[in-house]
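J.: Chains as they are written, first to last, in this note's numbering: chain E, 7 to 344; chain V, 7 to 344.
Where a beta carbon is used, it is the ideal one built from N, C-alpha and C, also for glycine.
The model shown is predicted, which means the values in this text are computed figures rather than measured ones.
2 protein chains.
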Amino acid sequence: MITIKEVSDRAKVSISTVSRVINNTAPVKESTRKRVFKAMKDLGYRPNSFAQGLVTNRSNNIGLVVTDLLGVFFGPLISSLERALRESGYNLIISVENYSSDEIKETIDMLAGRRCDAIILFPYCLTDEELISLKEKSPPLVLLNRYVPELAGECVIVDNEQGSHLVVEYLASIGHRRIACISGPLGNEEGRARLSGYRRSLENLGMRYDKDLVVEGDFTVEGGYIATQRLLKRSRDFTAIFACNDQMAAGAMKALREAELSVPEEISLVGFDDVEYASLLYPALTTVRQPVNAMGKRAAALAIQSIQGERRTQPAPMFEPELVLRDSVAPPKNSSAS
Amino acid sequence: MITIKEVSDRAKVSISTVSRVINNTAPVKESTRKRVFKAMKDLGYRPNSFAQGLVTNRSNNIGLVVTDLLGVFFGPLISSLERALRESGYNLIISVENYSSDEIKETIDMLAGRRCDAIILFPYCLTDEELISLKEKSPPLVLLNRYVPELAGECVIVDNEQGSHLVVEYLASIGHRRIACISGPLGNEEGRARLSGYRRSLENLGMRYDKDLVVEGDFTVEGGYIATQRLLKRSRDFTAIFACNDQMAAGAMKALREAELSVPEEISLVGFDDVEYASLLYPALTTVRQPVNAMGKRAAALAIQSIQGERRTQPAPMFEPELVLRDSVAPPKNSSAS
DNA sequence: TTTTGAAATGAAAGCGCTTTCATAATATTT
DNA sequence: AAATATTATGAAAGCGCTTTCATTTCAAAA
């Protein structure tokens, strides 16, 4: 391995000077700078990041802790996150399959031991308190898809309530009055927000919130399937189902098909997330899209900012979701748009 | 940050001894070992990985270089890979969006600079020669989904030809005689292997290989859609389509629907990969499943082996794919099983 | 020309660890 | 009990870099 010493020898300067041209940390005469660059190139020199880290105490690594990679939503997010980080000279260390709060803590501890400069976290199953206390002993933390008031400046979230508004208002606008909802798990912030958006939107529009039309799901395909069956058993007087994520919508689609209810003619169906395959379902799923790219970039930016010690004064605004119209929604039968 | 010195002070031993108990690298009296452990725990000590790396020249990081995360196939693979690595004390540094061979090389160079102990690569667009020459100057390399004879010991692949055999034999067994194929890009090893499996299998069964029944696709949904339209324009006397991955199968499904050809009644359709949403398509897609978990584990094992300097004497066997029967295949009309 | 200050460079310390090498403590053999 | 082998420990070097501090070089001012 080529060391700075060999470069300095070849360029006939001291290692200090080489270091200075690498880091651009003090003025160096143009002619020597060139000699040094040439020597580095000739030798194929790469600074030893261990040595650098040892003295600077910075690794240029950022950790990412997620539950799983299966929710297809993660793929694009991680892509844009990693790209943004790389452009700023950071690397992404990823840890998957952190299902319990203990696992998450252990992983964070390990990443901290590896001297990650910051950690980006999908805090699926940690309480607010745990997160706040975590912040003490961990590198700077960025939270994805989770809002904690005390950590507002470090949260990257989409306006889930607003997403539900979009759905309900759209359905109402084309005449739906009885809109069922398969919510996410209510132990989960995202699940709660989407449900409460549904509820408030309904009330805004002067429609009654009927808890017989709501079933708690678990964000899985299977969960959506079962929830739909339960819904159908209870009553059939709804004309649309709002599933709080696309996976559950896919499950709902299957259940509806088995019940021989056609989508969208008899029942309209809307999802949430705009997962990769939303457009491949049949009928193609109308859903709510999150600005995943922008969110990845923001997460990267927040992480880098906090590494540089910038305290955020005000929380960043939430991202706005967007309704994507496809083929799974139609006006209800026996009704005209209002 | 707690250093080894503070631990050694608290435990009343030298730093050498602390180092020895950390790394278990020489016998230490049981009583002192306990004292040291206690001191470490009391202080919440974490060895500084920079310092360790500086002297051992090992980072315990393994790099992963992929093209994109969109092909849903990657999610589960990365999950199992990361888990296996973590269990052995390694971390995964991931780099996405390496579309060109230059980007890949640059990324590998960077990971090497970061002193990754090994690199796992989906070498989408590198030639065999490039890969071989890469091997010289890079950390140990493991190739995923790519077979290079000279690097046979470091390749983790599924038997793509065999996957195609499975498909063709199954279709033939229920009576199909005219089986169209939407191949992957032929510039790509995977694409070629799957096509050649199709061809050889046809010939084995005494069925003619008809190039009018073959269209080159590009592994995308859109590509599958277009390919199917071309196929339909050419002739309609085939009774089944074998799409060489699930994304193209999804595109084919759409094109068939638009052409008002029902799947599987009029045309049977088979994919390849068993992507997360294969079962969510309508009809649920019959496809070939790769043992993704096992492949992730093997990649991890190979990487670790090569870090430890074990030269593999014989190439690991290919993984066997498996046919997953769902609803997109039926016997052809006007024909009975042979 | 001499003086002065800024710019350019080098010497050396130190980051926190592992690892020889030397020494001290203990166990085993004679 | 003395001699020897074995085990347990410590001192110190060194990994490759950044960074302070001191020194040299050079250009501008006197």
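Using three-state DSSP, classify F244/E as helix, strand or coil.
T.: The sequence position of residue 244/E within the first sequence is 238, counting from 1. The answer is coil: DSSP assigns F244/E none of H, G, I, E or B.
J.: For E88/V, would you say it is in contact with chain E, using Cβ-to-Cβ distances shorter than 8 Å as the test?
T.: For the purposes of this step, residue 88/V is taken as the residue at position 82 of the second sequence. So yes, E88/V belongs to the interface.
J.: Quick one: which chain E residues come within Cβ less than 8 Å of S101/V?
T.: Position 95 of the second sequence, counted from the first residue, corresponds to residue 101/V. Chain E residues near S101/V: E88, R92, N97, L98.
J.: Would you say D74/V reaches chain E, if we count a Cβ-Cβ gap shorter than 8 Å as a contact?
T.: The residue given as residue 74/V occupies position 68 in the second sequence. At least one chain E Cβ lies under 8 Å of D74/V.
J.: Can you give me the Cβ contacts of S342/V inside the same chain, cut-off strictly under 7 Å, excluding the 5 residues immediately before and after it?
T.: Position 336 of the second sequence, counting from 1, holds the residue named residue 342/V. Confidence at S342/V is low in this model, with a pLDDT of 45, below 50, so the placement of that residue should be treated as unreliable; the coordinate-derived value is given next. Contacts found: G181.
J.: Around the Cβ of T245/V, are there at least 16 other Cβ atoms within 10 angstroms (buried) or fewer (exposed)?
T.: In the second sequence, residue 245/V corresponds to position 239, counting from 1. When all chains shown are included, T245/V counts as buried.
J.: Taking G119/E as the reference, give the member of G69/E, G277/E, V42/E with the closest Cα.
T.: Translated into the one-based positions of the first sequence, residue 119/E becomes position 113. Put simply, of G69/E, G277/E, V42/E the residue whose alpha carbon is nearest the alpha carbon of G119/E is G69/E.
J.: At 4 residues or longer, what runs of the alpha helix (DSSP H) sit wholly inside the stretch 52-131 of chain E?
T.: Within the stretch 52-131 of chain E, the complete alpha helix (DSSP H) runs of at least 4 residues are 55-62, 80-93, 107-119.
J.: Taking any Cβ of chain E, which residues in the stretch 29-46 of chain V have a Cβ under 9 Å from it, in chain order?
T.: Listed in chain order, the positions of the stretch 29-46 of chain V with a beta carbon within less than 9 Å of a beta carbon of chain E would be empty, since no residue qualifies.
J.: My parser needs the beta strand (DSSP E) runs of 3 or more residues fully inside the stretch 125-184 of chain V; what are they?
T.: 147-150
J.: For the candidate residues I114/E, I163/E, S202/E, D48/E, whose alpha-carbon lies nearest to that of K141/E?
T.: Taking the first sequence and counting its residues from 1, the one referred to as residue 141/E is at position 135. Comparing Cα positions, the closest option is I114/E.
J.: Mind listing which residues of the stretch 210-229 of chain V have their C-beta closer than 8 Å to chain E's C-betas, in chain order?
T.: V227
J.: Taking any Cβ of chain E, which residues in the stretch 280-293 of chain V have a Cβ under 7 Å from it, in chain order?
T.: Of all residues in the stretch 280-293 of chain V, those with a C-beta nearer than 7 Å to a C-beta of chain E are E282, Y283, L286, L287, Y288, reading in chain order.
J.: To which residues of the same chain is V148/E closer than 6 Å at the C-beta, ignoring the five residues directly before and after it?
T.: Mapped onto the first sequence, residue 148/E falls at position 142. Result list for V148/E: I126, E160, A305, L308, A309, in chain order.
J.: Is the distance from the Cβ of F345/E to the Cβ of I163/E below 8 Å?
T.: Here chain E has residues from 7 to 344 only, and residue 345/E is not among them.
J.: Under 8 Å between beta-carbons, which chain E residues line up against A57/V? List them in chain order, please.
T.: Locating residue 57/V in the second sequence gives position 51, where the first residue counts as 1. Neighbours of A57/V on chain E, chain order: F56, L60.
J.: Taking only beta-carbon positions, decide if R240/V is within less than 8 Å of chain E.
T.: Counting from one through the second sequence, the residue named residue 240/V turns up at place 234. Chain E contact via Cβ: absent.
J.: Taking C-alpha atoms, which residue in D218/V, D216/V, R121/V lies nearest to I99/V?
T.: Translated into the one-based positions of the second sequence, residue 99/V becomes position 93. It is R121/V.
J.: Between the stretch 242-260 of chain E and the stretch 188-195 of chain E, do three or more beta carbon pairs fall short of 8 Å?
T.: Touching, per the Cβ criterion.
J.: Determine, for A233/E, whether the minimum Cβ-Cβ distance to residues of chain V falls below 8 Å.
T.: Taking the first residue of the first sequence as 1, we reach residue 233/E at position 227. Closer than 8 Å: no.
J.: So, is R61/V buried or exposed, given that buried needs 16 or more other C-beta atoms within 10 angstroms?
T.: Numbered from 1 along the second sequence, position 55 holds the residue referred to as residue 61/V. The sequence shown places Val at residue 61/V, not Arg. Result: exposed.
J.: Please confirm if the stretch 169-186 of chain V is in contact with the stretch 199-209 of chain V, defined as three or more CB-CB distances below 8 Å between the two stretches.
T.: Enough Cβ pairs lie closer than 8 Å, so yes.
J.: Please tell me whether S106/E has its Cβ less than 8 Å away from any Cβ of chain V.
T.: For the purposes of this step, residue 106/E is identified with residue 100 of the first sequence, where counting begins at 1. Not an interface residue.
J.: Hey, could you find the ends of the beta strand (DSSP E) R332/E is sitting in?
T.: In the first sequence, residue 332/E corresponds to position 326, counting from 1. Run containing R332/E: none; DSSP gives neither H nor E here.
J.: Rank M46/V, S37/V, P33/V by C-alpha distance to the C-alpha of E12/V and give the top, closest one.
T.: Counting from one through the second sequence, the residue named residue 12/V turns up at place 6. Out of M46/V, S37/V, P33/V, M46/V has the C-alpha closest to the C-alpha of E12/V.
J.: Closest to T73/V by C-alpha separation, out of L132/V, A265/V, R214/V, P145/V, would be which residue?
T.: Within the second sequence, the letter at position 67 stands for residue 73/V. When each option's Cα is compared against that of T73/V, the closest is L132/V.
J.: In this structure, how does DSSP classify V325/V when only helix, strand and coil are distinguished?
T.: Indexing the second sequence from 1 puts residue 325/V at position 319. At residue 325/V the sequence reads Phe, which differs from the Val that was named. Strand, per DSSP.
J.: Nearest CA to the CA of Y96/V: which residue from E93/E, S94/E, R92/E, S101/E?
T.: Residue numbering aside, residue 96/V sits at position 90 when the second sequence is read from its first letter. Of the candidates E93/E, S94/E, R92/E, S101/E, the one whose C-alpha sits nearest the C-alpha of Y96/V is S101/E.
J.: Given that S85/E touches chain V, what residues does it touch there, using C-beta distances under 7 Å?
T.: For this step, residue 85/E is matched to residue 79 along the first sequence. Those within 7 Å of S85/E in chain V are D74, L75, V102, E103.
J.: Taking the beta carbon of N166/E as the centre, do at least 16 other beta carbons fall within 10 Å, making it buried, or is it exposed?
T.: As a first step, residue 166/E is located in the first sequence; it is residue number 160 there, counting from the start. Answer is buried; the Cβ neighbour count reaches 16.
J.: Going by the beta-carbon positions, is the gap between L286/E and L275/E smaller than 8 Å?
T.: On the first sequence, position 280 is the one that residue 286/E refers to. On the first sequence, position 269 is the one that residue 275/E refers to. Contact check for L286/E against L275/E fails: the beta carbons are separated by 8 Å or more.
J.: Less than 8 Å between the beta carbons of V298/E and S86/E, yes or no?
T.: Here residue 298/E corresponds to residue number 292 of the first sequence, with the count starting at 1. Here residue 86/E corresponds to residue number 80 of the first sequence, with the count starting at 1. Their beta carbons are under 8 Å apart, which means V298/E touches S86/E by this criterion.
J.: Counting only C-beta atoms, is A256/E closer than 8 Å to chain V at any point?
T.: Here the question's residue 256/E lines up with position 250 in the first sequence. It does: the Cβ of A256/E has a partner Cβ on chain V nearer than 8 Å.
J.: Going by CA-CA distance only, name the one from L83/E, N66/E, P338/E that's closest to M301/E.
T.: In the first sequence, residue 301/E corresponds to position 295, counting from 1. The option with the nearest alpha carbon to M301/E is L83/E.
J.: Have a look at G277/V, R152/V, N104/V, A322/V and flag the residue whose alpha-carbon is nearest the alpha-carbon of V335/V.
T.: For the purposes of this step, residue 335/V is taken as residue 329 along the second sequence, with counting starting at 1. Of the residues G277/V, R152/V, N104/V, A322/V, the one whose Cα lies closest to the Cα of V335/V is G277/V.
J.: Residues of chain V with CB closer than 9 Å to the CB of G315/E, please, in chain order.
T.: Counting from 1 along the first sequence, the entry for residue 315/E is found at position 309. Within 9 Å Cβ-Cβ: nothing; G315/E doesn't reach chain V, min ~17 Å.
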